[in-house]
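Positions 0 to 127 (numbering that gives the first Met the number 0) are the ones given, in order, by the sequence shown.
Note sheet for the following structure.
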Amino acid sequence: MTGYLKIAGSAALYGMVAATSPVQATEPDHNVKEGQAVVTTLGSDTSAVTYWVSQADGWHVVTTVDTKNAAISSGTGNHAVVRFSAVLQPGQSHSISIPVAVGEKQPALHIRRVADRIEVETEPTLLN
Numbered sequence: 000m001t002g003y004l005k006i007a008g009s010a011a012l013y014g015m016v017a018a019t020s021p022v023q024a025t026e027p028d029h030n031v032k033e034g035q036a037v038v039t040t041l042g043s044d045t046s047a048v049t050y051w052v053s054q055a056d057g058w059h060v061v062t063t064v065d066t067k068n069a070a071i072s073s074g075t076g077n078h079a080v081v082r083f084s085a086v087l088q089p090g091q092s093h094s095i096s097i098p099v100a101v102g103e104k105q106p107a108l109h110i111r112r113v114a115d116r117i118e119v120e121t122e123p124t125l126l127n
């Protein structure tokens with residue numbers, strides 16, 4: 000349990016640091032520094048914040064996705080927030096996609112660990 004709390008505490012600390020200087024994933028340099036937040040727009044009502052911290056077992060990558068549901072009109076109850084985390088070794092990656100209607104372009108967030116860096120990119124794909 001102590002190890003988990005240590006990781007959670009480190010992630011919370013880096014989350015606070017990351018929140019102070021976010022970059023947009025649409026900027027030319029997709030490389031993410033440790034503790035730096037990357038804000039990615041995945042649609043008109045959906046965005047993601049990604050950051051990572053180095054731990055002994057790998058790099059812990061955390062992505063929080065916030066999507067607004069236009070069908071729900073209550074003031075504060077129209078957001079769905081989901082948090083994803085993964086431990087990436089060099090060469091590993093993971094993707095997060097947002098559901099859309101058939102025939103629409105599905106926004107996807109691709110996160111890769113390439114050697115000593117993390118890359119965050121978006122790539123919409125057509126959902127058939």
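Where a beta carbon is used, it is the ideal one built from N, C-alpha and C, also for glycine.
- Query: Using DSSP with H/G/I as helix, E/B as strand and the rest coil, what is residue 68?
  - Reply: Under the three-state reduction of DSSP output, residue 68 falls in the coil class, being neither helix nor strand.
- Message: Just to check my reading of the structure: residue 121 and residue 39 have Cβ atoms closer than 8 Å, yes? What is that Cβ distance to the nearest angstrom?
- Response: Right, their Cβ atoms sit about 6 Å apart.
- Short Cβ contact (7 Å threshold) for residue 128 with residue 51: The structure shown does not extend to residue 128, since the chain spans only 0 to 127, so no value can be given for it.
- Beta-carbon proximity list for residue 117, same chain, < 6 Å, skipping 5 on both sides: Excluding sequence neighbours, residue 117 sits near 31, 51.
- Looking only at its own chain, which residues have a Cβ that is under 7 Å from the Cβ of residue 68, when we skip the five neighbours before and after it? The answer, listed in chain order, is 77, 79.
- Query: Which of helix, strand or coil does DSSP assign to residue 120?
  - Reply: The answer is strand: DSSP assigns residue 120 an E or B state.
- Please name the residue or residues paired with residue 87 in a DSSP beta bridge. Per the DSSP secondary-structure output, residue 87 pairs in a beta bridge with 58.
- Message: Applying the 10 Å Cβ sphere with the 16-neighbour rule, what's the burial state of residue 112?
- Response: With 16 or more other Cβ atoms inside 10 Å of its own Cβ, residue 112 counts as buried.
- Query: Anyone know if the C-beta pair for residue 110 and residue 41 falls short of 7 Å?
  - Reply: For the 7 Å CB-CB criterion, residue 110 and residue 41 do not form a contact.
- Residue nearest to residue 82 in terms of C-alpha spacing, selected from 119, 35, 33, 48: That would be 48, whose Cα lies nearest to the Cα of residue 82.
- Item | Paired residues, beta bridge with residue 99 - DSSP | None; residue 99 has no bridge partner.
- Item | Nearest to residue 56 (by Cα), restricted to the options 35, 87, 43, 101 | Checked all of 35, 87, 43, 101; the closest Cα to residue 56 is 87.
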